[in-house]
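Student: Mind looking over this structure? Questions follow.
There are 2 protein chains.
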Amino acid sequence: MIWRGVIDRYKKYLPVTEATLVVTLHEGNTPLIYSDVLSRLLSAAVYLKYEGMNPTGSFKDRGMTLAVSKALEAHSKMVICASTGNTSASAAAYAAKAGIKSVVLIPKGAVALGKLSQALIHNAQVVSIDGNFDQALQLAKEIAEKWPVTLVNSLNPFRLEGQKTGAFEICDQLDGRAPDFHAIPVGNAGNISAYWKGYKEYFKNKKIYSKPVMLGFQAQGAAPIVKKRIILNPKTVATAIKIGNPASWRMAEEARDESGGLIGAVTDKEILEAYKLLASREGIFVEPASAASVAGILKLGRKRYFQNRRSRKKKIIVCILTGHGLKDPDSALREIKNPQAVPARLDAILAAVKI
Amino acid sequence: MIWRGVIDRYKKYLPVTEATLVVTLHEGNTPLIYSDVLSRLLSAAVYLKYEGMNPTGSFKDRGMTLAVSKALEAHSKMVICASTGNTSASAAAYAAKAGIKSVVLIPKGAVALGKLSQALIHNAQVVSIDGNFDQALQLAKEIAEKWPVTLVNSLNPFRLEGQKTGAFEICDQLDGRAPDFHAIPVGNAGNISAYWKGYKEYFKNKKIYSKPVMLGFQAQGAAPIVKKRIILNPKTVATAIKIGNPASWRMAEEARDESGGLIGAVTDKEILEAYKLLASREGIFVEPASAASVAGILKLGRKRYFQNRRSRKKKIIVCILTGHGLKDPDSALREIKNPQAVPARLDAILAAVKI
Chain C
1 MIWRGVIDRY KKYLPVTEAT LVVTLHEGNT PLIYSDVLSR LLSAAVYLKY
51 EGMNPTGSFK DRGMTLAVSK ALEAHSKMVI CASTGNTSAS AAAYAAKAGI
101 KSVVLIPKGA VALGKLSQAL IHNAQVVSID GNFDQALQLA KEIAEKWPVT
151 LVNSLNPFRL EGQKTGAFEI CDQLDGRAPD FHAIPVGNAG NISAYWKGYK
201 EYFKNKKIYS KPVMLGFQAQ GAAPIVKKRI ILNPKTVATA IKIGNPASWR
251 MAEEARDESG GLIGAVTDKE ILEAYKLLAS REGIFVEPAS AASVAGILKL
301 GRKRYFQNRR SRKKKIIVCI LTGHGLKDPD SALREIKNPQ AVPARLDAIL
351 AAVKI
Chain A
356 MIWRGVIDRY KKYLPVTEAT LVVTLHEGNT PLIYSDVLSR LLSAAVYLKY
406 EGMNPTGSFK DRGMTLAVSK ALEAHSKMVI CASTGNTSAS AAAYAAKAGI
456 KSVVLIPKGA VALGKLSQAL IHNAQVVSID GNFDQALQLA KEIAEKWPVT
506 LVNSLNPFRL EGQKTGAFEI CDQLDGRAPD FHAIPVGNAG NISAYWKGYK
556 EYFKNKKIYS KPVMLGFQAQ GAAPIVKKRI ILNPKTVATA IKIGNPASWR
606 MAEEARDESG GLIGAVTDKE ILEAYKLLAS REGIFVEPAS AASVAGILKL
656 GRKRYFQNRR SRKKKIIVCI LTGHGLKDPD SALREIKNPQ AVPARLDAIL
706 AAVKI
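From first to last, the protein sequence lines stand for chains C and A. The first sequence stops at residue 355 when you use my numbering, and every number in between is there. The second sequence stops at residue 710 when you use my numbering, and every number in between is there.
Right under this line is the structure:
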């Protein structure tokens with residue numbers, strides 16, 4: 001079957017009609033990769049859902065295809081969003097495909113290089129705000145309320161509708177079952193909410209016969225849900241989840257509580273360790289925020305969280321890797337040393353490397 | 356059907372056995388996206404094969420899964436390559452997944468930022484050579500001949516075997532037919548050779564009933580095949596095809612001649628125009644080299660190349676977009692102006708953008 005994007009594949013579950021003009025870059029259908037290393041470490045079957053393999057390099061494309069298609073259906077000529085980077089890249093790309101304009105508000109100095117280059121090359125009008133993400137979002141909302149511009153942040157309900165298709169895909173890829181645990185980074189908290197919605201819908205439609213325990217992970221310095229208070233100056237190397245007042249706070253708590261799960265915090269050190277483990281052992285390059293889900297299950301594993309269960313059958317854990325490492329090459333380059341420069345001679349090379 | 360990489364999907368056509376331990380990051384299965392803009396401009400049906408959606412962001416993964424799987428089968432403990440960036444990123448990632456070591460020789464100052472970060476984060480031993488790609492390749496070959504290290508440049512025959520699966524996929528995605536024209540950037544010339552091999556095999560196996568005309572495009576400043584001579588100091592903004600003495604020179608000429616096609620040159624200006632058109636009109640971000648295929652068909656279109664045919668039925672043109680734009684964020688940032696910084700106030704934003 002040819003893949004033509006998440007709306008085409010899952011339209012039965014989405015608020016579209018035959019009249020919806022689908023704006024797609026063939027997002028979704030991302031690989032679910034079995035991780036030998038993590039499975040061994042956790043005595044479980046661990047799969048990595050590599051959402052970095054969406055067209056703009058992050059999971060945001062799943063929601064953006066629907067948000068922009070619906071904006072077009074409503075004859076909108078412009079979309080706006082506030083963004084730490086991934087949303088803006090996606091909004092700009094889908095707006096370009098749709099032939100409409102886009103405006104992006106980014107917090108000054110807080111957006112990774114790759115993401116900034118994306119919004120700009122896709123012709124968005126990008127404004128850098130002297131403030132944090134939460135302020136940028138407030139301003140985007142105000143503009144969308146007062147002018148004929150469609151807000152495509154996750155407050156736009158179509159965004160989460162599109163994102164829930166990630167849950168459908170995982171269950172389909174597991175041959176009609178849900179994982180036992182679903183681990184996911186939590187920033188603005190839309191994605192954990194969307195996945196939980198997806199699992200519940202598939203369960204209701206009898207496509208699966210159990211639902212996963214939802215495990216969300218915030219960065220220690222940007223963990224409002226864990227700390228139960230707004231963080232005014234969130235700090236973390238994981239820029240994509242550097243958010244102090246998540247828009248989907250309540251929904252994320254519901255996902256946690258209804259599923260019997262948890263939302264925990266991981267340190268930047270733990271995030272970067274998981275980041276390097278994925279790249280050096282699994283061949284998977286992610287942006288730092290993505291590694292929060294892996295850091296989280298490794299932390300729970302050390303507390304024997306996954307062993308404290310009755311069944312001896314191996315549990316299935318799915319980790320969402322939200323974005324591609326190429327989004328943030330600077331983070332990678334900070335973690336490693338630059339290559340040695342040598343003359344173009346055999347002896348010089350052999351002196352520089354271990355063969 | 357769950358996608359588990361190109362070896363799993365096309366093993367019937369590949370030199371693997373049940374004993375081959377497949378090293379995969381679920382490469383392949385990349386989208387074939389219909390381009391409204393190009394189809395209109397060329398009065399044809401133009402599809403973009405977005406190879407940037409492979410795990411390491413380029414088409415190299417198709418060949419690397421096979422090259423590294425076969426290296427593992429031969430009990431190799433290390434792979435080596437020379438690279439302008441994409442091959443090294445792929446080699447490093449697949450070696451990491453396989454649990455073996457990798458060595459990468461790059462020409463000094465000639466590798467885009469994203470690609471360099473990839474090789475390093477995937478734990479390759481990277482050496483920057485004071486010389487060009489062709490010298491680096493010569494040295495890599497020498498090392499592979501004298502030490503127990505597997506060369507994974509496209510001289511490794513398994514690389515092209517893997518890459519030919521791109522042709523299979525296109526035909527499958529077109530519901531069992533080949534395109535009329537296949538446009539592709541030409542650097543080291545392995546990819547055009549691999550695609551032609553793939554089309555011929557599918558034709559022989561009666562999976563398709565015609566073969567495409569192969570249209571290869573080199574950058575004007577790095578066009579040895581067009582100019583029929585080695586270019587000692589190739590120059591182009593398209594670093595991925597900045598190669599003066601292609602390893603698969605003869606095979607590329609065969610693909611051209613057997614298919615009744617051509618290999619032409621496009622200027623950096625034409626490449627960057629196509630690059631910006633793809634990003635701003637199609638929502639597709641590629642690295643500059645990828646845009647050579649689009650620049651090429653636009654150039655042929657201006658000469659009415661596609662209209663000079665007898666049939667009135669619209670011709671199908673497939674353009675290979677070899678790598679993701681995130682591989683080379685600097686190229687994007689050079690092409691656009693930086694975002695304006697404004698205070699976090701509504702009036703300041705409205706003064707900065709057109710709504």
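Each residue gets a CB set at the ideal place from its N, CA and C atoms; glycine is no exception.
Does the beta-carbon distance from Ala646(A) to Ala595(A) come in below 8 Å?
Tutor: Against the second sequence, residue 646(A) aligns to sequence position 291. Against the second sequence, residue 595(A) aligns to sequence position 240. Cβ distance not < 8 Å, so Ala646(A) and Ala595(A) don't count as in contact.
Student: Could you list which residues in chain C have their beta carbon closer than 7 Å to that of Ser472(A), in chain order?
Tutor: Counting from one through the second sequence, the residue named residue 472(A) turns up at place 117. By Cβ distance, chain C contributes Pro329, Ala332 and Leu333.
Student: I need the straight-line Cα distance from Thr87(C) to Ala74(C), nearest angstrom please.
Tutor: Along the first sequence, read from residue 1 onward, the residue named residue 87(C) stands at position 87. Along the first sequence, read from residue 1 onward, the residue named residue 74(C) stands at position 74. Rounded to whole angstroms, Thr87(C) to Ala74(C) spans 21 Å at the Cα level.
Student: From the beta carbon of Leu427(A), is the nearest beta carbon of chain C less than 8 Å away?
Tutor: Here residue 427(A) corresponds to residue number 72 of the second sequence, with the count starting at 1. No, because no Cβ of chain C sits closer than 8 Å to the Cβ of Leu427(A).
Student: If you measure from the beta carbon of Tyr715(A) to each beta carbon in chain C, is any gap under 8 Å?
Tutor: This structure cannot speak to residue 715(A), because chain A is shown only from 356 to 710.
Student: Got a sec: is the Cβ-Cβ distance from Gln528(A) to anything in chain C below 8 Å?
Tutor: Residue mapping note: residue 528(A) aligns to position 173 of the second sequence, counting from 1. When Cβ-Cβ separations below 8 Å define contact, Gln528(A) makes contact with chain C.
Student: Compute the Euclidean distance between the alpha carbons of Leu326(C) and Ile184(C), then round it to the nearest angstrom.
Tutor: Within the first sequence, residue 326(C) is the residue found at index 326, counting from 1. Within the first sequence, residue 184(C) is the residue found at index 184, counting from 1. Whole-angstrom Cα-Cα distance: 20 Å.
Student: Taking Cβ-Cβ distances shorter than 9 Å, what residues in chain A pair up with Asp268(C)?
Tutor: The count along the first sequence starts at 1 and reaches residue 268(C) at position 268. What Asp268(C) touches in chain A: nothing, since even the nearest Cβ is about 17 Å away.
Student: For His182(C), which beta-bridge partners are listed by DSSP?
Tutor: The residue labelled residue 182(C) in the question sits at position 182 within the first sequence. In the DSSP secondary-structure assignment, His182(C) is bridged to Met214(C) and Val318(C).
Student: Exposed or buried, which one is Lys211(C) when buried takes at least 16 other CB atoms within 10 Å?
Tutor: By one-based count along the first sequence, residue 211(C) stands at place 211. When all chains shown are included, Lys211(C) counts as buried.
Student: Suppose the cutoff is 7 Å on Cβ atoms and the five residues either side in sequence are ignored; what does the same chain contact list for Ser614(A) look like?
Tutor: Taking the first residue of the second sequence as position 1, residue 614(A) is located at position 259. Excluding sequence neighbours, Ser614(A) sits near Trp551, Lys566, Pro567, Val568 and Met569.
Student: Determine which residues share a DSSP beta bridge with Cys81(C) and list them.
Tutor: Translated into positions along the first sequence, residue 81(C) becomes position 81. According to DSSP, Cys81(C) bridges with Val104(C).
Student: Work out the CA separation of Ser128(C) and Ile106(C) for me, nearest whole Å.
Tutor: Residue mapping note: residue 106(C) aligns to position 106 of the first sequence, counting from 1. Residue mapping note: residue 128(C) aligns to position 128 of the first sequence, counting from 1. Spanning the two alpha carbons is a distance of roughly 5 Å.
Student: Output yes if chain C places a C-beta closer than 8 Å to the C-beta of Phe536(A); else output no.
Tutor: As a first step, residue 536(A) must be located in the second sequence, where it is residue number 181. Output row for Phe536(A): interface = no.
Student: With DSSP collapsed to three states, give me the class of Gly680(A).
Tutor: Numbered from its first residue, the second sequence carries residue 680(A) at position 325. Residue state, collapsed to three classes: helix.
Student: Name, please, each residue of chain C whose Cβ falls closer than 8 Å to the Cβ of Trp551(A).
Tutor: Position 196 of the second sequence, counted from the start, is the residue given in the question as residue 551(A). Simply none; closest approach about 23 Å.
Student: Flag Tyr13(C) as yes if its beta-carbon sits less than 8 Å from any beta-carbon of chain A, otherwise no.
Tutor: Sequence index remark: in the first sequence, residue 13(C) carries index 13 (1-based). So, not an interface residue.
Student: If distances are taken between C-alpha atoms only, which option among Ala98(C), Thr165(C) and Ser39(C) comes closest to Leu14(C)?
Tutor: Locating residue 14(C) in the first sequence gives position 14, where the first residue counts as 1. Answer by Cα proximity: Thr165(C).
Student: If you measure between the beta carbons of Leu262(C) and Val237(C), is that distance less than 8 Å?
Tutor: In the first sequence, residue 262(C) corresponds to position 262, counting from 1. In the first sequence, residue 237(C) corresponds to position 237, counting from 1. Remark: C-beta atoms of Leu262(C) and Val237(C) do not approach each other more closely than 8 Å.
Student: Would you say His679(A) lies against chain C (beta-carbon separation less than 8 Å)?
Tutor: Locating residue 679(A) in the second sequence gives position 324, counting from the first residue. Residue contact check for His679(A) against chain C: a CB pair falls below 8 Å.
Student: Is the region 82 to 99 of chain C close to the region 197 to 205 of chain C, with three or more CB pairs under 8 Å?
Tutor: Fewer than three beta-carbon pairs drawn from the region 82 to 99 of chain C and the region 197 to 205 of chain C are found closer than 8 Å, and the two stretches are therefore not classed as touching.
Student: Can you give me the start and stop residues for the beta strand (DSSP E) that Asp530(A) sits inside?
Tutor: In the second sequence, residue 530(A) corresponds to position 175, counting from 1. Going by DSSP, Asp530(A) is part of no beta strand (DSSP E) at all; its letter is neither H nor E.
Student: What did DSSP end up calling Pro366(C) once you bin it into helix, strand or coil?
Tutor: An answer regarding residue 366(C) cannot be provided, because it is not within the stretch 1 to 355 covered by chain C.
Student: For Phe640(A), collect the residues of the same chain with a Cβ closer than 8 Å to its Cβ; drop the 5 residues on either side in sequence, then sort them by chain order.
Tutor: The residue labelled residue 640(A) in the question sits at position 285 within the second sequence. Gly407, Leu633, Ala634, His679, Gly680, Leu681 and Ala687, listed in sequence order.
Student: For Ser147(C), which residues in chain A fall below 7 Å Cβ to Cβ?
Tutor: Position 147 of the first sequence, counted from the first residue, corresponds to residue 147(C). Before going further, note that residue 147(C) is Trp rather than Ser in the sequence given. Neighbours of Trp147(C) on chain A, chain order: Ile710.
Student: Going by other Cβ atoms of all chains shown within 10 Å of its Cβ, with 16 needed for buried, is Glu209(C) buried or exposed?
Tutor: In the first sequence, counting from the first residue as 1, residue 209(C) sits at position 209. The sequence shown places Tyr at residue 209(C), rather than the Glu named in the question. Exposed, by the Cβ-count rule.
Student: List the residues of chain C whose Cβ lies closer than 9 Å to the Cβ of Phe640(A), in chain order.
Tutor: Against the second sequence, residue 640(A) aligns to sequence position 285. Residues of chain C passing the Cβ test: Pro55, Thr56, Gly57, Ala89, Ala93, Ser117, Gln118, Ile121 and His122.
Student: Out of Arg700(A), Val673(A) and Asn511(A), which has the shortest C-alpha to C-alpha gap to Ser394(A)?
Tutor: Position 39 of the second sequence, counting from 1, holds the residue named residue 394(A). It is Val673(A) whose Cα lies nearest to the Cα of Ser394(A).
Student: When you compare the CB of Ser635(A) with every CB in chain C, is at least one pair closer than 8 Å?
Tutor: Reading the second sequence from its first residue, position 280 is the one you call residue 635(A). Yes - at least one Cβ of chain C is within 8 Å of the one on Ser635(A).
Student: According to DSSP, is Lys712(A) part of a helix, a strand, or is it coil?
Tutor: This structure does not reach residue 712(A), given that chain A is present from 356 up to 710, and the question cannot be answered.
Student: Determine, using beta carbons only, whether Ala19(C) comes closer than 8 Å to chain A.
Tutor: Numbered from its first residue, the first sequence carries residue 19(C) at position 19. Ala19(C) does not count as touching chain A.
Student: Among Asp330(C), Lys276(C) and Phe133(C), which residue has its Cα nearest to the Cα of Asn188(C)?
Tutor: Translated into positions along the first sequence, residue 188(C) becomes position 188. Minimum Cα distance to Asn188(C) is reached at Phe133(C).
Student: Using the Cα positions of Leu701(A) and Asp130(C), report the straight-line distance between them to the nearest angstrom.
Tutor: Translated into the one-based positions of the second sequence, residue 701(A) becomes position 346. Translated into the one-based positions of the first sequence, residue 130(C) becomes position 130. In a straight line, the C-alpha of Leu701(A) is about 12 Å away from that of Asp130(C).
Student: Can you confirm whether the region 463 to 478 of chain A touches the region 336 to 346 of chain C when touching is taken to mean that 3 or more C-beta pairs between the two stretches lie within less than 8 Å?
Tutor: yes
Student: Along chain C, which residues have their Cβ under 7 Å away from the Cβ of Val507(A)?
Tutor: Stepping through the second sequence from its first residue, residue 507(A) is reached at position 152. The premise fails here: Val507(A) is roughly 14 Å from chain C at the closest Cβ pair, so nothing lies under 7 Å.
Student: Given that a residue counts as buried once 16 or more other Cβ atoms are within 10 Å of its Cβ, and exposed if not, what is Leu48(C)?
Tutor: If you number the first sequence from 1, residue 48(C) lands on position 48. Looking at its Cβ environment, which holds 16 or more other Cβ atoms inside 10 Å, Leu48(C) is buried.
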